[in-house]
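By the numbering used here, the letter at position 108 of the sequence shown is numbered 108, and the numbering carries on one by one without gaps. Here a beta-carbon is modelled for each residue, glycine too, at the ideal position from N, C-alpha and C. Quick caveat: nothing in here was measured; it's all calculated off a predicted structure. Notes for the one structure printed next.
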Amino acid sequence: MMPPDQYPQVTFDLGVSEVDDAEIDAWLKTAEAKFAPENYDLWKRNCNHFAQDFAEFLLPGTGFPAPLMTPVLDFTDSMLDNLPEWRRAMGDVFMNQLSRTVVVSWGRVLRNEKERKAEALGLDKGK
1 MMPPDQYPQV TFDLGVSEVD DAEIDAWLKT AEAKFAPENY DLWKRNCNHF AQDFAEFLLP
61 GTGFPAPLMT PVLDFTDSML DNLPEWRRAM GDVFMNQLSR TVVVSWGRVL RNEKERKAEA
121 LGLDKGK
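Next comes the structure, spelled out in structure tokens:
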């Protein structure tokens, strides 16, 4: 398994937000149910949708620039649009179940790694 510090990451500088930490905490608490692992949907509610919603919250009216996010979301939509209905339905069930399993497992790995590092540094685990 790839070490967590080698996971691919992409960073975009979207500017400065005027949203304070308390507002961010409140937004994350409300978003938690929407983006919970059991609600994960490979096509309609995934990490890209979370990033888009969060960026819009942080930078109202600006959010994620459309030239960056629209092609990503359009790609998944076009994949579905080009499938016959029976295959789309079957793929939805299978892919979403598989994706949820991966998301839950990945979350556990990251949480365990975060807790391990916090413990090694003598820090609060931040659960």
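With a 10 Å radius around the Cβ and a threshold of 16 neighbouring Cβ atoms, LEU121 comes out exposed. If you look at ASN48, you'll find it in the alpha helix (DSSP H) that goes 47-58. Under the three-state reduction of DSSP, ASP25 is assigned to helix. The straight-line gap separating the alpha-carbon atoms of LYS34 and ASP21 is approximately 20 angstroms. VAL16 has its alpha-carbon roughly 43 angstroms from the corresponding atom of GLU85. According to the DSSP secondary-structure assignment, ASP41 is paired through a beta bridge with ARG45. Around the beta carbon of PHE12, fewer than 16 other beta carbons sit within 10 angstroms, so the residue counts as exposed. VAL19 places its beta carbon less than 7 angstroms from that of LEU58.
The C-alpha of ASN48 is placed about 11 angstroms away from the C-alpha of ASP41. In its chain, beyond the 5 residues on either side, ALA55, GLU56 have a beta carbon closer than 6 angstroms to the beta carbon of GLY63. In the three-state scheme derived from DSSP, where H, G and I count as helix and E and B as strand, THR101 is classed as helix.
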